[in-house]
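Novice: Convert by adding 381 to the 1-based position in the sequence shown; the result is the number in this note's numbering. By construction, the Cβ of each residue, glycine as well, lies at the ideal position given by its N, Cα and C atoms. The model shown is predicted, which means the values in this text are computed figures rather than measured ones.
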Amino acid sequence: MGSSICCTGNQFDKKTGTMKKSVKIITGILGVFMLVPGLAKFFEPFKTMLAVQIWESELPYPTLSQIGAQGTEIAVGLVLIFLAFYWNKLGSAISNKIFLVCHALIIATMLVALYVHFHPNVPAEVLPFESKPPYLTSFYIILTFVNIYLSENQKKIKSEWRNR
Numbered sequence: 382m383g384s385s386i387c388c389t390g391n392q393f394d395k396k397t398g399t400m401k402k403s404v405k406i407i408t409g410i411l412g413v414f415m416l417v418p419g420l421a422k423f424f425e426p427f428k429t430m431l432a433v434q435i436w437e438s439e440l441p442y443p444t445l446s447q448i449g450a451q452g453t454e455i456a457v458g459l460v461l462i463f464l465a466f467y468w469n470k471l472g473s474a475i476s477n478k479i480f481l482v483c484h485a486l487i488i489a490t491m492l493v494a495l496y497v498h499f500h501p502n503v504p505a506e507v508l509p510f511e512s513k514p515p516y517l518t519s520f521y522i523i524l525t526f527v528n529i530y531l532s533e534n535q536k537k538i539k540s541e542w543r544n545r
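1. Quick one: what's got a C-beta closer than 7 Å to ILE529's C-beta in the same chain, skipping five residues either side?
2. The alpha helix (DSSP H) spanning PHE463 covers which residue range?
3. Let me make sure I understand the geometry here. Which of VAL497, ALA474 and ILE462 has the alpha-carbon closest to that of SER446?
4. Spatial neighbours of MET430 within its chain, please: CB distance less than 7 Å, with the 5 preceding and 5 following residues excluded, ordered by chain position.
5. What is the rounded straight-line gap between the Cα of THR525 and the Cα of VAL493?
6. Residue range of the alpha helix (DSSP H) that VAL507 falls in?
7. Quick one: Cα of ASN534 to Cα of PHE499, how far?
8. Take THR397 and list the residues in its own chain whose beta-carbon comes closer than 7 Å to its own, dropping the five residues that flank it on each side.
9. Look at the alpha carbon of PHE463 and the alpha carbon of GLY412, and state the distance between them as a whole number of angstroms.
10. May I have the straight-line CA-CA distance separating VAL460 from MET491, to the nearest angstrom?
11. Would you identify the three-state DSSP class for LEU531, choosing helix, strand or coil?
12. In angstroms, rounded to a whole number, what distance separates the CA positions of GLN451 and GLY419?
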C-alpha cells in the first residue's frame, strides 16, 4: 500500500473520503478546455474552420457531425466543471460513472480530431494553431488518461484503506 500512495500522490483523503485536489483540478481544466472551444465555434472564424475541417476530412453527414462535435464539447465541458465542484454531493457510484463517460467522450472526440488532423485534404490553416501535427489533441488525450489513472488509483487506495 505504501508504494501506491507514494506513486499516486495519495489522491484519496482518508479522513473525509473525498476526491483530492489534483483530480478535481484536472477534471475542471478538462471541462474548461472542452467548453471554451465548443462555445467559440458559434462565432467566426471558428465556425467556418470547423465546417471546413468536417467537409474536407469527408466525415459522414457534415451538418450532423458539426452539431455532434460542438454539442459534445459543450456538454462534456459543462458536466466536468460540475463534477469538479460537486463530485462529493453526488453518490460516488454516479460520480464515477459520469466521470468515466465524459472521459470516454473526450477520447472519442479527440480520436476523430486526430483523423481530421492527419487527413490530407484538411489544410493546416483551419486547424488549431494552424498546425498539422495534433499538439493540442494529443495533450487532451494524455491529460484525459492521466486523470483516469489518478482517479482509478484513488479508488484502489480507498479500498485498501477500508480493508485495514
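Specialist: Quick answer:
1. HIS484
2. 443-467
3. VAL497
4. VAL507
5. 15 Å
6. VAL507 -> no alpha helix (DSSP H), and no H or E assigned at all.
7. 33 Å
8. At THR397, the pLDDT of 47 sits below 50, so the modelled position is not reliable; the number obtained from the coordinates is stated separately. Excluding residues within five positions, none has a Cβ falling inside 7 Å.
9. 9 Å
10. 17 Å
11. helix
12. 5 Å
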